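A.B. asks:
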Amino acid sequence: LLDRGFHPTVTSPGHEEYIFTILVGKSQRGLVQHFKEDYHYLMAGIPGIQDMVNKFK
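The opening position of the sequence shown corresponds to residue 920 in the numbering used here, with each subsequent residue numbered one higher.
Here you go:
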């Protein structure tokens with residue numbers, strides 16, 4: 920269920936994609952990111968991704 924906005928995603932060839940996001944809360948929304956250990960090396964090559972992850976800890 921996406922009630923508003925546009926949420927594009929891209930998956931590289933040879934990989935599967937699964938996205939499950941829940942944003943709830945009466946006064947504050949939280950977002951917990953989980954990146955599979957096998958792909959942590961990719962985070963260094965994506966500008967801004969580590970800043971985003973740190974923001975939501």
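C-beta: ideal position from N, C-alpha, C; glycine also.
Note that the coordinates shown come from a computational prediction; the quantities given were computed from them, not determined experimentally.
#1: So, with DSSP's three-state summary, where would you put Val972?
#2: Is the beta carbon of Thr928 sitting closer than 9 Å to the one on Glu936?
#3: If I follow the unbroken alpha helix (DSSP H) through His959, where does it start and stop?
C.D. replies: Result, derived from the coordinates:
#1: helix
#2: yes
#3: His959 to Met962
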